[in-house]
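Only one structure is covered here, and it is reproduced in the block below.
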Amino acid sequence: MFRELGAYLDSIKARDPAPRSRWEVLLYPGVLAVGLHRLAHWLFKGELYFFARLINHISRFFTAIDIHPGAKIGRHLFIDHGFTVIGETAEIGDNVTIYQCVTLGGTNPANGVGGKRHPTIENDVILGSGAQILGPITVGKRARVGANAVVTQNVPDGATMVGVRARPTLVEAREYQKDFVPYGTPCSESFDPSTQKLEILQCEMEQLQKRIAAFAEERNRDGKTVVAKGRDSA
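Residue 1 is where the sequence shown starts when you use my numbering, and the numbers rise one by one after that.
Quick look at the structure:
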């Protein structure tokens, strides 16, 4: 038990440069929220729903993190800061990092049946601050969801999602190969698809301007040659 707790605290230290020791990590609200959720989930599986909800409310009061007792959480979940909401049928894999103000929200099925309403987050995923993952979708392994992105469709393994509605974007290989990207957002000016499209259009415009200038220069040169020949003939 203590060995597992030590491994969990070390996994958080590896993703957060702020703490100087394991003792500091123990004070993190995310650590307390996950610990209380383990107890609430155990009560929930035993159909002691009232007591599970009671633990959930106590946890939310002290941590500002709301994890439904029915949510399934894997090993080494790191919730950095509060105001995160995780719904009842959400499933979270191992080594997932969630920053502040993230919602794993549900949808109301058209047929009125409860069932699976919340997302499935696979191993090693990073959810940036303010990200909204909505519905019974799957976020693939090692995917990164950028800050304030709204995800409503399945995310492929290793994809980096940005925007509203979120869409995959290209990132530099050196960024993609990193085991961990803070906030799931590559901090470069060229990662935004809109910026990339504008840069492509700008390059094409510059090429067209150069071609037009070259064509005009050639035309002027030919015109001068014709005039010069006419004078010589005269």
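Even glycine gets a Cβ: it sits at the ideal position worked out from N, Cα and C.
Collapsed DSSP secondary structure at Ile12 in the structure displayed: helix
C-beta contact flag for Val139 and Val155 at 7 Å: yes
Residues bridged to Gly140 (per DSSP): According to DSSP, Gly140 bridges with nothing at all.
Endpoints, alpha helix (DSSP H) assigned at Leu54: 49 to 63
Top-ranked residue by Cα proximity to Val102, from Arg142, Gly146, Ser21, Ala18: Gly146
Neighbour flag for His41 against chain D, beta carbons, 7 Å: Structure shown: chain D not included; a single protein chain is present.
Burial state of Asn95, where buried means 16 or more other Cβ atoms lie within 10 Å: buried
Own chain, CB closer than 6 Å to His118, minus 5 neighbours either side, in chain order: Gly87, Thr89, Ala90, Leu104, Gly106
Residue(s) in a DSSP beta bridge with Val145: Leu127, Met161
Assigned secondary structure, Asp94 (DSSP; H/G/I helix, E/B strand, else coil): coil
Pro72 (DSSP reduced to helix, strand or coil): Note that residue 72 is Lys in the sequence shown, not Pro. Here Lys72 sits in strand by DSSP.
C-alpha gap between Leu54 and Trp23, whole angstroms: 27 Å
For Leu32, the three-state DSSP class (helix, strand or coil): helix
Local conformation of Phe83 per DSSP, three classes: coil
Of the listed residues Arg144, Pro69, Phe50, nearest to Val85 (C-alpha basis): Pro69
Beta-carbon proximity list for Ala64, same chain, < 6 Å, skipping 5 on both sides: Gly82, Phe83
Coarse secondary structure for Val25, derived from DSSP in three states: helix
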